[in-house]
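Okay, so here's the structure we're looking at.
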Amino acid sequence: MGIEYITLLIVVSLLALMALGVPLGITTLTVSLGTAILYFGERAGFFVVAANVGEVLHKYELITVPFFVFMANVLERSGIARSLFDSMAIMGGRFRGSVAVQTCVVAVVLAAMSGIMGGEIVMLGLIALPQM
Numbered sequence: 007m008g009i010e011y012i013t014l015l016i017v018v019s020l021l022a023l024m025a026l027g028v029p030l031g032i033t034t035l036t037v038s039l040g041t042a043i044l045y046f047g048e049r050a051g052f053f054v055v056a057a058n059v060g061e062v063l064h065k066y067e068l069i070t071v072p073f074f075v076f077m078a079n080v081l082e083r084s085g086i087a088r089s090l091f092d093s094m095a096i097m098g099g100r101f102r103g104s105v106a107v108q109t110c111v112v113a114v115v116l117a118a119m120s121g122i123m124g125g126e127i128v129m130l131g132l133i134a135l136p137q138m
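Per this note's numbering, the very first residue in the sequence shown carries number 7; after that it's consecutive.
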């Protein structure tokens with residue numbers, strides 16, 4: 007099987023599993039494991055996936071993700087996030103979409119600070135989504 011058919015199989019299976027409502031973590035695990043088994047064989051496929059998971063979990067930068075989620079929960083439950091977005095709306099004035107633009111600026115700053123988007127996505131989803 008050529009690489010173009012494998013790529014097409016990966017994209018179609020990802021879209022199909024996401025359309026069925028399967029959680030994203032299980033979707034990516036299933037597709038990566040299935041592709042590795044198809045491409046490398048059963049024994050080597052499991053080894054390749056396990057080696058990549060182990061390599062990803064040893065990255066020092068992943069420590070920041072739970073702390074961003076914790077920070078988002080603290081800001082959201084204490085009411086600080088609501089006050090912050092109210093003040094950003096006042097500073098933005100009558101400009102349409104000012105809160106969305108300011109949320110994008112906050113996302114860029116947070117991404118530059120941590121280098122990992124997962125924590126910022128959860129944090130801004132908890133904080134910014136109710137305000138917009």
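Each residue gets a CB set at the ideal place from its N, CA and C atoms; glycine is no exception. On a predicted model such as this, the values are computed, not experimentally measured, just so you know.
Which residues in the same chain have their Cβ closer than 6 Å to the Cβ of residue i, if we skip the five residues on either side of it in sequence?
i	result
Glu82	Leu132 and Ile133
Only counting the same chain, and skipping five residues up and downstream in sequence, which positions put a Cβ closer than 7 Å to that of residue i?
i	result
Ala113	Glu126 and Leu130
His64	none
Cβ atoms of residue j and residue i: under 9 Å apart, would you say?
i	j	result
Ala95	Val111	no
Val62	Leu68	yes
Val115	Phe74	no
Leu26	Val37	no
Checking contacts by CB at 9 Å: is residue i closer than that to chain D?
i	result
Tyr66	Among the protein chains of the structure shown there is no chain D, as only one such chain exists.
Between which residues of its own chain and residue i is the CB-CB distance below 8 Å, once the five residues before and five after are set aside?
i	result
Asn79	Leu132
Phe52	Leu39, Ala42 and Ile43
Could you check how far apart the C-beta atoms of residue i and residue j are, in whole angstroms? I think they sit under 8 Å.
i	j	result
Met24	Thr13	That pair is no contact at about 17 Å.
Ala42	Val28	Wrong, their Cβ atoms sit about 18 Å apart, outside the cutoff.
Gly99	Gln108	Actually they do not touch by this definition, with Cβ atoms about 11 Å apart.
Could you say which of the options lies nearest to residue i if we only look at CA atoms?
i	options	result
Asp92	Glu48, Met138, Gly8 and Gly27	Met138
Tyr45	Phe76, Ala118, Tyr66 and Ile16	Ile16
Ser89	Pro136, Gly8, Leu30 and Tyr11	Pro136
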